[in-house]
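Residue numbers (the working numbering): 500 to 676.
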């Protein structure tokens with residue numbers, strides 16, 4: 500089982516008891532504002548998503564980690580790596596992403612988890628490049644992206660929803676862990 504510990508977080512594979520707290524995160528319109536068409540997800544949608552995330556672990560050797568607070572054991576959300584097949588123009592690529600519940604915003608958890616995920620990508624999975632895809636206007640994600648040392652590679656539009664996207668990248672051979 501793949502696990503990463505940071506000073507405050509445990510990044511791990513998904514457990515059955517993660518479904519309800521992740522569904523609560525996905526049901527929050529504030530959290531989902533920048534995701535796809537902005538629609539909250541219900542329990543069934545969240546269960547399907549977690550199943551897909553676990554399948555990606557099995558198929559790719561990487562995926563989205565459940566992010567747990569070490570101090571309390573609470574599920575804060577996810578961070579991890581995925582193949583962004585929805586955006587063919589960037590393929591082949593591996594993207595880093597994150598989604599945390601709003602009570603966990605503004606405390607540096609996303610940056611801490613994302614930094615550990617980049618180290619995992621380079622040291623454990625041997626990736627030489629990672630991208631991040633953000634929706635234009637998502638300043639909180641852009642802040643995390645800057646902290647990771649990623650640079651703007653291109654601007655494009657979401658192929659389904661038509662809103663502007665920003666694609667950032669980092670060459671992990673130059674990444675300072």
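The beta-carbon is built from N, C-alpha and C at its ideal position, and this holds for glycine as well.
DSSP three-state assignment for residue i, whether helix, strand or coil
| i | result |
| --- | --- |
| residue 685 | The shown model of the chain, from 500 to 676, leaves out residue 685, and the question about it has no answer. |
| residue 550 | helix |
| residue 659 | coil |
| residue 583 | coil |
| residue 591 | coil |
Residues that residue i bridges to, as DSSP identifies them
| i | result |
| --- | --- |
| residue 597 | 578 |
| residue 667 | 631, 651 |
| residue 510 | 503, 566 |
Closer than 7 Å: residue i CB and nearest the ligand GTP heavy atom
| i | result |
| --- | --- |
| residue 573 | Because no ligand of any kind appears in the structure shown, any question about the ligand GTP cannot be addressed here. |
8 Å CB neighbourhood of residue i in its chain, flanking five on each side removed
| i | result |
| --- | --- |
| residue 519 | 542 |
| residue 537 | 528, 531 |
| residue 594 | 580, 581, 582, 583, 629, 630, 631, 632 |
| residue 651 | 665, 666, 667 |
Beta-carbon contacts of residue i that lie in its chain and below 7 Å, excluding the five residues immediately before and after
| i | result |
| --- | --- |
| residue 647 | 613, 614, 617, 669 |
| residue 521 | 545, 549, 574 |
| residue 619 | 503 |
| residue 588 | 655 |
Whole-angstrom distance between residue j and residue i, CA atom to CA atom
| i | j | result |
| --- | --- | --- |
| residue 634 | residue 570 | 32 Å |
| residue 661 | residue 582 | 20 Å |
| residue 464 | residue 663 | Outside the displayed range of the chain (500 to 676) lies residue 464, so it cannot be described from this structure. |
| residue 599 | residue 610 | 11 Å |
| residue 558 | residue 597 | 20 Å |
| residue 586 | residue 514 | 29 Å |
| residue 636 | residue 556 | 30 Å |
| residue 656 | residue 641 | 16 Å |
| residue 540 | residue 626 | 31 Å |
| residue 602 | residue 523 | 12 Å |
Neighbourhood of residue i by C-beta, 6 Å cutoff - its chain only, sequence neighbours within 5 removed
| i | result |
| --- | --- |
| residue 552 | 562, 563 |
Residue ranges of each alpha helix (DSSP H) run of no fewer than 4 residues wholly in the region 604-651, ordered along the chain? Runs of the alpha helix (DSSP H) lying entirely within the region 604-651, each at least 4 residues long, are 608-618, 638-646 in chain order.
Segments assigned alpha helix (DSSP H), at least 4 residues, entirely inside the region 518-569: If we require 4 residues or more, the alpha helix (DSSP H) runs fully inside the region 518-569 come out as 518-525, 528-531, 542-559.
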